[in-house]
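Step one of this worksheet: look at the structure below.
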Amino acid sequence: MPDFEIFNIVKERKRNEILECMKRQKKVPLKVKENIEHKIVIEIDDMKKLNQNYKGDIYSCEGLDTFILLEKSYEEKLIYQISALYDEEKPLEKEDNSKFQVKAYFEAVPIGNIIKEKFEYGIERYPMLGDEVYLASKEELNKILGNDLEINENNFIIGELSNKKGYYPKINIDNFFTTHISILGNTGSGKSTTIKTIIKKLSEKIDKNFKKENVNFYIFDIHNEYTNISSELSNKISLEEISIPLELLKKEDWLNLVLPSTAIQLPILINTLKLGNLLEKKSSDNISNWIKVYCAKKLYESQQTDAVAKRNKIISFLSEIDDENIKKNLSNYDSKYSNFSTQIVEKNFLSSLDNYILKYIGENTAEEFLYVNLRDAEVSIKDIMTLKIALDTILAIEEAKGGNQIRNYCSPLITRIDNLINQYSKTLFSGDKNKLNKFNLLLKHKDKAFEIINCSGYDNHDLLFITSFILNNIYEREKNNRKNNEKNLIHFIFDEAHTYISENTDVTSFNPIAVFEKIAKEGRKFGLFMILSSQRPSELSKTVLSQCNNFILHRIRNNIDLEQMRKSIPYILDAQLLRLSYLKTGHALVVGEGFNIQLELKIHNDIEDKSSETFKPSEVWKN
């Protein structure tokens with residue numbers, strides 16, 4: 010055999026031996042220098058050790074958030090994540106202080122462990138000084154991220170690891186959507202894109218794996234930016250297209266709608282609603298008729314009521330009263346001057362009212378008889394106009410009792426009710442049958458996955474009422490459904506949640522966000538979950554925020570917001586909190602039960618809709 014052929018054979022064998030050696034090559038170990046509380050410090054005297062070749066793959070330490078591991082046994086590996094790094098100059102020899110060597114130090118925090126090839130969050134045992142530390146391999150990293158599992162229809166992906174290209178952590182639907190979720194970040198940091206991406210990825214699952222009629226999401230769209238969701242999967246409706254049946258409003262709903270601000274206004278509002286309930290009873294009801302006559306008398310005696318408006322209200326009270334004496338005297342109520350021509354005529358009119366009242370009150374005084382009926386009445390009305398009539402009457406009754414300043418004390422309440430009537434009597438509270446039917450269909454949520462409610466144009470007070478009213482009605486329904494063993498899951502996406510689900514700092518006699526706090530604490534038992542999007546975590550209800558177990562955190566720079574997150578999120582580390590201030594747009598720290606570990610992701614941004622995109626002055630100003 011020629012020499013050159015022997016040479017080639019030897020060369021080939023040598024190459025194979027080198028490759029085999031590389032495959033068998035052990036990771037280059039580092040050493041644990043310190044073990045302080047819940048972190049370890051690793052000293053690196055040779056920076057070359059940060060670049061390794063293991064089984065033919067090249068590994069490099071990429072700084073913060075890099076995963077490292079310690080092998081405690083053949084079956085157990087402790088997983089840590091680098092949280093800080095620094096260097097320090099130290100003399101080479103004690104006798105020669107002029108020569109220094111730079112040593113690097115990494116701090117790492119515990120994440121979990123790999124036991125029998127399966128990753129588990131949290132650790133029970135801690136490393137010893139001198140334990141060997143290795144960079145996590147591809148196989149180990151996939152176990153940590155949960156990507157080693159078989160393809161699962163219950164997993165979805167929303168982004169890529171920021172510091173490790175090509176790794177796409179899988180999120181388990183069962184873990185992610187069975188807790189309350191907060192998506193937090195300053196304006197322009199990518200919150201809306203994240204929500205749209207989650208909806209898009211879920212929509213892809215609905216097309217393949219899930220029935221759209223079984224998926225129930227309510228999206229309260231504050232800025233009208235979720236219009237790109239497929240019409241096959243979503244119903245899009247504006248608040249202008251529906252009418253809320255007033256008789257469904259409970260006491261708490263009325264308080265959120267009218268917002269009585271003082272101890273005086275609150276009982277006035279409650280009595281107003283109860284009186285309205287009595288006034289709306291059928292005219293054949295003797296109690297209802299008696300109260301109308303009594304109210305007419307009190308309104309007439311009120312000195313601070315406009316004469317023309319007073320006459321119109323009195324006429325509305327007495328026009329359906331079947332009493333000849335009242336009808337006869339009412340005809341003398343001059344429409345031109347809104348008064349009576351002589352004192353005798355006026356006296357006869359008041360006498361006819363007194364005689365009618367005395368037929369029903371017996372030995373009681375009129376005030377006692379009225380308040381007995383008010384006590385038993387419901388806090389409910391069917392017509393928004395009844396609210397105004399009843400309020401004027403209650404104020405007139407209080408004035409007749411000597412409360413001359415009652416209208417001044419209640420002027421904000423009067424103004425608020427006037428605004429509600431002017432703004433919503435023909436829209437949200439119109440009583441239109443078609444609009445009422447659309448509202449009922451909205452609550453039923455039967456045929457499509459997403460109910461997108463356009464709330465743009467409504468102020469924060471009205472948003473609080475609308476969202477809490479819908480939420481409470483669905484909550485009560487699902488409580489009853491659960492008793493019948495019906496299985497439903499309903500998710501509510503609240504955009505700009507801090508504007509209406511806010512921490513209540515005012516000292517009031519009622520809690521305006523009580524239903525949100527109730528759902529936050531009890532909703533899981535009945536299949537109700539909230540997804541909150543907010544740019545001001547510090548203004549969100551602390552109770553609601555504390556009940557969230559999954560967080561997607563975009564860039565936040567306000568110190569007050571960062572401090573609130575430190576208090577509310579048990580999973581987050583100080584280094585990660587500091588890192589939030591420097592996150593790029595579209596990047597987010599994800600922490601919570603829906604994720605194997607805390608991760609920094611670059612959220613997918615392939616959404617065609619650009620409704621929340623910020624325009625550049627250099628482009629706009631040229632056109």
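With the numbering used here, the residue at position 370 of the sequence shown is 379, and numbering never jumps.
From the three backbone atoms N, C-alpha and C, an ideal C-beta is built for every residue, glycine too.
(message) With distance defined between alpha-carbon atoms, name the residue in G175, E80, V553 and G440 nearest to I540.
(response) Position 531 of the sequence shown, counted from the first residue, corresponds to residue 540. Nearest option by C-alpha distance: V553.
(request) Take K527 and list the residues in its own chain whose beta-carbon comes closer than 8 Å to its own, dropping the five residues that flank it on each side. (result) Residue 527 sits at position 518 when you count from the first residue of the sequence shown. Closer than 8 Å at Cβ, skipping near neighbours: Y484.
(message) For L437 and L248, which I take to be in contact (beta-carbon distance under 8 Å), what is that distance rounded to the nearest angstrom?
(response) Sequence index remark: in the sequence shown, residue 437 carries index 428 (1-based). Sequence index remark: in the sequence shown, residue 248 carries index 239 (1-based). Confirmed, Cβ separation roughly 6 Å.
(request) Could you check what DSSP says for Y143 in three-state terms: helix, strand or coil? (result) What you label residue 143 is simply residue 134 of the sequence shown in a count that begins at 1. In this structure, Y143 counts as strand in the three-state DSSP scheme.
(message) Let me confirm a value: H189 is counted as buried when at least 16 other C-beta atoms fall within 10 Å, else exposed. Which label applies?
(response) On the sequence shown, position 180 is the one that residue 189 refers to. Buried: at least 16 other Cβ atoms inside 10 Å.
(message) For a test of the three-state rule: what should DSSP assign to N225, helix, strand or coil?
(response) On the sequence shown, position 216 is the one that residue 225 refers to. Of the three classes helix, strand and coil, the one that applies to N225 here is strand, per DSSP.
(message) Give me the DSSP bridge partner(s) of E609.
(response) For the purposes of this step, residue 609 is taken as residue 600 along the sequence shown, with counting starting at 1. Partner(s): L598.
(message) Can you tell me which residues form a DSSP beta bridge with P626?
(response) For the purposes of this step, residue 626 is identified with residue 617 of the sequence shown, where counting begins at 1. According to DSSP, which records beta bridges pairwise, P626 is partnered with nothing at all.
(request) Look at the Cβ atom of E116, then the Cβ atom of V50, and state whether they are nearer than 8 Å. (result) The residue given as residue 116 occupies position 107 in the sequence shown. The residue given as residue 50 occupies position 41 in the sequence shown. Yes, Cβ-Cβ distance for E116 and V50 is below 8 Å.
(message) For a test of the three-state rule: what should DSSP assign to C70, helix, strand or coil?
(response) Here residue 70 corresponds to residue number 61 of the sequence shown, with the count starting at 1. Coil at C70, not helix or strand.
(message) Going by beta-carbon coordinates alone, are L549 and S590 separated by less than 8 Å?
(response) The residue given as residue 549 occupies position 540 in the sequence shown. The residue given as residue 590 occupies position 581 in the sequence shown. No, the Cβ-Cβ distance between L549 and S590 is not below 8 Å.
(request) Could you tell me which of N172, I398, C464 and P626 sits nearest to K301, measuring between CA atoms? (result) Numbered from its first residue, the sequence shown carries residue 301 at position 292. Checking every option, the nearest Cα to that of K301 belongs to I398.
(request) Run the CB neighbour count on V381, radius 10 Å, all protein chains shown included, and call it buried at 16 or more, exposed below. (result) Within the sequence shown, residue 381 is the residue found at index 372, counting from 1. When all chains shown are included, V381 counts as exposed.
(message) Could you pull the DSSP bridge partners for Q90 from this structure?
(response) For this step, residue 90 is matched to residue 81 along the sequence shown. Looking at the DSSP assignment, Q90 forms a beta bridge with F76 and V118.
(request) Count the C-beta pairs between the stretch 208 to 219 and the stretch 574 to 594 that are closer than 8 Å, then say yes if the count reaches three, no if not. (result) no
(request) For K530, I'd like the list of residues in its chain whose CB is within less than 7 Å of its CB, leaving aside the five on either flank, ordered along the chain. (result) Here the question's residue 530 lines up with position 521 in the sequence shown. Here the set comprises Q556.
(message) Would the stretch 277 to 290 count as touching the stretch 485 to 499 if we require 3 or more Cβ pairs under 8 Å?
(response) no
(message) So the candidates are L571, K534, L562 and I561; which of them puts its Cα closest to the Cα of S547?
(response) Numbered from 1 along the sequence shown, position 538 holds the residue referred to as residue 547. Among L571, K534, L562 and I561, the Cα nearest to that of S547 is on L571.
(request) Within its chain, find whatever has a CB closer than 6 Å to the CB of F525; leave out the 5 residues flanking it on each side and keep chain order. (result) Reading the sequence shown from its first residue, position 516 is the one you call residue 525. Answer for F525: I510 and V553, listed in chain order.
(request) Quick one: give me the first and last residue of the alpha helix (DSSP H) that V381 is part of. (result) Counting from 1 along the sequence shown, the entry for residue 381 is found at position 372. Residues A375 to D385.
(message) Could you compute how far the alpha carbon of K86 sits from the alpha carbon of A458?
(response) Locating residue 86 in the sequence shown gives position 77, counting from the first residue. Locating residue 458 in the sequence shown gives position 449, counting from the first residue. Each residue's alpha carbon lies about 43 Å from the other.
(request) Would you check if the stretch 585 to 604 and the stretch 190 to 201 touch, i.e. whether three or more CB-CB distances between them fall below 8 Å? (result) yes
(request) Mind checking who S543 pairs with in its DSSP beta bridge? (result) The sequence position of residue 543 within the sequence shown is 534, counting from 1. In the DSSP output, where bridge partners are listed per residue, S543 has L193.
(message) Restricting to runs no shorter than 4 residues, where is the alpha helix (DSSP H) found entirely within the stretch 262 to 328?
(response) 274 to 288, 295 to 310 and 316 to 327
(request) For the beta strand (DSSP E) containing N558, list its first residue and its last residue. (result) Stepping through the sequence shown from its first residue, residue 558 is reached at position 549. N558 -> beta strand (DSSP E) spans C557 to L562.
(message) By alpha-carbon positions, which one of E169, E162, Y143 and N163 ends up nearest to L154?
(response) The residue given as residue 154 occupies position 145 in the sequence shown. Of E169, E162, Y143 and N163, the residue nearest in Cα terms is E169.
(request) Return the chain-ordered list of same chain residues with a C-beta closer than 7 Å to the C-beta of L28, the five sequence neighbours on each side being excluded. (result) On the sequence shown, position 19 is the one that residue 28 refers to. A caution first: L28 carries a pLDDT of 43, below 50, which makes its placement in the model unreliable, though a value can still be read off. Excluding residues within five positions, none has a Cβ falling inside 7 Å.
(message) In the DSSP assignment, the alpha helix (DSSP H) including I204 goes from what residue to what residue?
(response) The residue given as residue 204 occupies position 195 in the sequence shown. K200 to K217 is the extent of the alpha helix (DSSP H) around I204.
(request) Report the rounded CA-to-CA distance for G285 versus N520, giving the unit in angstroms. (result) Taking the first residue of the sequence shown as position 1, residue 285 is located at position 276. Taking the first residue of the sequence shown as position 1, residue 520 is located at position 511. Rounded to whole angstroms, G285 to N520 spans 24 Å at the Cα level.
(message) On a Cα-Cα basis, can you pick out the residue from I612, R545, S311 and K306 that is closest to N195?
(response) Within the sequence shown, the letter at position 186 stands for residue 195. For N195, the nearest C-alpha among the options comes from R545.
(request) Check H500 in the structure and name its three-state DSSP category. (result) Along the sequence shown, read from residue 1 onward, the residue named residue 500 stands at position 491. The answer is strand: DSSP assigns H500 an E or B state.
(request) May I ask you to report which of helix, strand or coil DSSP gives E250? (result) For this step, residue 250 is matched to residue 241 along the sequence shown. In this structure, E250 counts as helix in the three-state DSSP scheme.
(request) Report yes or no: do three or more beta-carbon pairs, one from the stretch 328 to 336 and one from the stretch 426 to 433, lie closer than 8 Å? (result) no
(message) Between N382 and the ligand COA, is there a pair consisting of the residue's CB and a ligand heavy atom that are separated by less than 7 Å?
(response) Because no ligand of any kind appears in the structure shown, any question about the ligand COA cannot be addressed here.
(request) Excluding the 5 residues preceding and the 5 following K2 in the sequence, name in chain order all residues of the same chain whose CB lies nearer than 6 Å to its CB. (result) With the chain represented from 10 up to 632, any question about residue 2 goes unanswered, as that position is not in the structure.
(message) If I measure Cβ to Cβ from K221 and keep anything under 7 Å in the same chain, skipping five residues before and after, which residues do I get?
(response) Working through the sequence shown from its first residue, we reach residue 221 at position 212. Excluding residues within five positions, the ones whose Cβ falls inside 7 Å are I215, L242, K457 and A458.
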